[in-house]
Amino acid sequence: MKRHTLSLLLASAGLAATVTGAFAGVTLDKIVERGELVCGVSQGSAGLSLPDSNGEWSGLDVDYCRALAAAALGDPAKVRFVPLSSAQRFEVLEAGDIDVLSRNTTKTSTRDGTLPVLFVDTIFYDGQAFMVPKSLGISASTELDGATVCVQPGTVNEQNLVDYFTTNSLSFKSVVIESLPELESAFYAGRCDVYLSDASTLSASRATRAETPDDFVILPERITKSPLAPVVRSDDVEWYKLASWTRNILVEAEELGITQANVEEMKASQNPSIQRLLGVHEGIGKSFGLDDDWAARVIAGVGNYGEVYDRNLGPDTPLKLERGLNALWTDGGLMYSSPVQ
Ligand SMILES: N[C@@H](CCC(=O)N[C@@H](CS)C(=O)NCC(=O)O)C(=O)O
Numbered sequence: 084m085k086r087h088t089l090s091l092l093l094a095s096a097g098l099a100a101t102v103t104g105a106f107a108g109v110t111l112d113k114i115v116e117r118g119e120l121v122c123g124v125s126q127g128s129a130g131l132s133l134p135d136s137n138g139e140w141s142g143l144d145v146d147y148c149r150a151l152a153a154a155a156l157g158d159p160a161k162v163r164f165v166p167l168s169s170a171q172r173f174e175v176l177e178a179g180d181i182d183v184l185s186r187n188t189t190k191t192s193t194r195d196g197t198l199p200v201l202f203v204d205t206i207f208y209d210g211q212a213f214m215v216p217k218s219l220g221i222s223a224s225t226e227l228d229g230a231t232v233c234v235q236p237g238t239v240n241e242q243n244l245v246d247y248f249t250t251n252s253l254s255f256k257s258v259v260i261e262s263l264p265e266l267e268s269a270f271y272a273g274r275c276d277v278y279l280s281d282a283s284t285l286s287a288s289r290a291t292r293a294e295t296p297d298d299f300v301i302l303p304e305r306i307t308k309s310p311l312a313p314v315v316r317s318d319d320v321e322w323y324k325l326a327s328w329t330r331n332i333l334v335e336a337e338e339l340g341i342t343q344a345n346v347e348e349m350k351a352s353q354n355p356s357i358q359r360l361l362g363v364h365e366g367i368g369k370s371f372g373l374d375d376d377w378a379a380r381v382i383a384g385v386g387n388y389g390e391v392y393d394r395n396l397g398p399d400t401p402l403k404l405e406r407g408l409n410a411l412w413t414d415g416g417l418m419y420s421s422p423v424q
């Protein structure tokens, strides 16, 4: 790797101490040395990041980290998942205790502008919504006047709540609860009328935490856009680029029809875009300090974006979420990768 060579040259010239900040902290190097990627996830939201009874994590956010581990370490299993609450997630990333935050995090201008972090492109286009018990007979968000709303601190939900009720001249009372399991228990026990969050989180909660999911309705309005994206520290642009292109590889693979099952045979394809992506033509590794097979490893490790989506969130999962905005751009959705070339 170019970077290693440069570090060695600087070290032999006695300059190591002066370049520590710029080189020693390089995230990829640390990951390779450690032999595992450290990935910040939620404390448990089905379809996004949730451990099973054996402590095995699954979900879209989890698979993104497995893809990154396949790229960086050649093995999608070499990930340590660190569950984080909404309130602590950015501090833990900034402190360097995780390599990437892949935790249903909405990209906003304030977060992007004020925190020392960089957002990878969106991996799930979501929107915020309200869930209510069917028994309340409410069918639209504008009927929520006087509601008690359960909300987690450190989320965009808190501000969206104030904005929505104020704009629509509705009164409300918020019940702020830091732990998601406690918040959900409070909601399902009837301590609040409304649970406000990303629609994916609400679907997950209803499917996995409600005793009778049919007793709850997610109101049809999406009160804000909520593009969910992985986040890295802004002090390591090389790592950011690898994190970004790992996301892009998943999307591009779907567009090119490369799947977990056919990735090996696709290497024989005559399509130049496929050849470039799978490293048949030299080049895709060089830009990232990796070998040319890294993108193929990502796809072999977790599948393409559509496969990851279907496995975790799609119609055959408890969440039963249609692709909608998360369809490829070629199918009328927003999922798009810059060209791999
Ligand atoms: N996407 C929103 C909300 C993300 C969020 O933290 N949602 C809560 C549910 S309301 C969650 O997933 N909590 C999981 C946890 O605390 O482990 C954001 O970035 O602020």
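Heads up: the sequence shown begins at 84 in my numbering, then just goes up one per residue. Built from N, CA and C at the ideal position, the CB exists for glycine as well. Just so you know, these numbers come straight off a predicted model, no measurement behind them.
DSSP three-state assignment for residue i, whether helix, strand or coil
i: residue 308; result: strand
i: residue 107; result: The predicted model places residue 107 with a pLDDT of 28, which falls under 50 and marks its position as unreliable; any figure quoted below should be read in that light. Reduced to three states, the DSSP call for residue 107 is helix.
i: residue 412; result: helix
i: residue 197; result: helix
i: residue 422; result: coil
i: residue 353; result: coil
i: residue 292; result: helix
i: residue 327; result: helix
i: residue 301; result: strand
i: residue 166; result: strand
i: residue 46; result: Since the first residue shown for the chain is 84 and the last is 424, residue 46 is missing from the structure and cannot be characterised.
i: residue 358; result: helix
Residue nearest to residue i in terms of C-alpha spacing, selected from the options
i: residue 327; options: 362, 357, 378; result: 378
i: residue 404; options: 367, 287, 138; result: 287
i: residue 424; options: 198, 369, 233, 258; result: 369
i: residue 386; options: 263, 400, 335; result: 335
i: residue 312; options: 376, 184, 338; result: 184
i: residue 410; options: 351, 393, 160; result: 393
i: residue 292; options: 159, 249, 193, 266; result: 266
Bridge partners - residue i, DSSP secondary structure assignment
i: residue 126; result: Note: residue 126 sits in no beta bridge, so no partner.
i: residue 231; result: 256
i: residue 189; result: 311
i: residue 266; result: For residue 266, which the question treats as bridged, DSSP gives no partner whatsoever.
i: residue 210; result: 308
C-beta atoms of residue i and residue j nearer than 8 Å
i: residue 142; j: residue 131; result: yes
i: residue 214; j: residue 114; result: no
i: residue 384; j: residue 149; result: yes
i: residue 146; j: residue 391; result: yes
i: residue 402; j: residue 283; result: yes
i: residue 200; j: residue 232; result: no
i: residue 343; j: residue 367; result: no
i: residue 237; j: residue 170; result: yes
i: residue 122; j: residue 165; result: yes
i: residue 356; j: residue 339; result: yes
i: residue 329; j: residue 154; result: yes
i: residue 371; j: residue 325; result: yes
i: residue 188; j: residue 322; result: no
Cutoff 6 Å; reference residue i; Cβ partners in own chain excluding five residues on either side
i: residue 247; result: 306
i: residue 221; result: 215
i: residue 119; result: 161, 163
Cβ-based neighbour list, residue i, same chain, cut-off 7 Å, excluding 5 preceding and 5 following
i: residue 217; result: 298, 299, 300
i: residue 397; result: 404
i: residue 285; result: 212, 214, 278, 301
i: residue 253; result: 227, 228
Same chain, Cβ closer than 8 Å to residue i, five either side skipped, listed in chain order
i: residue 274; result: 231, 233, 258
i: residue 276; result: 215, 216, 219, 227, 230, 231, 232
i: residue 205; result: 190, 310, 311, 312, 417
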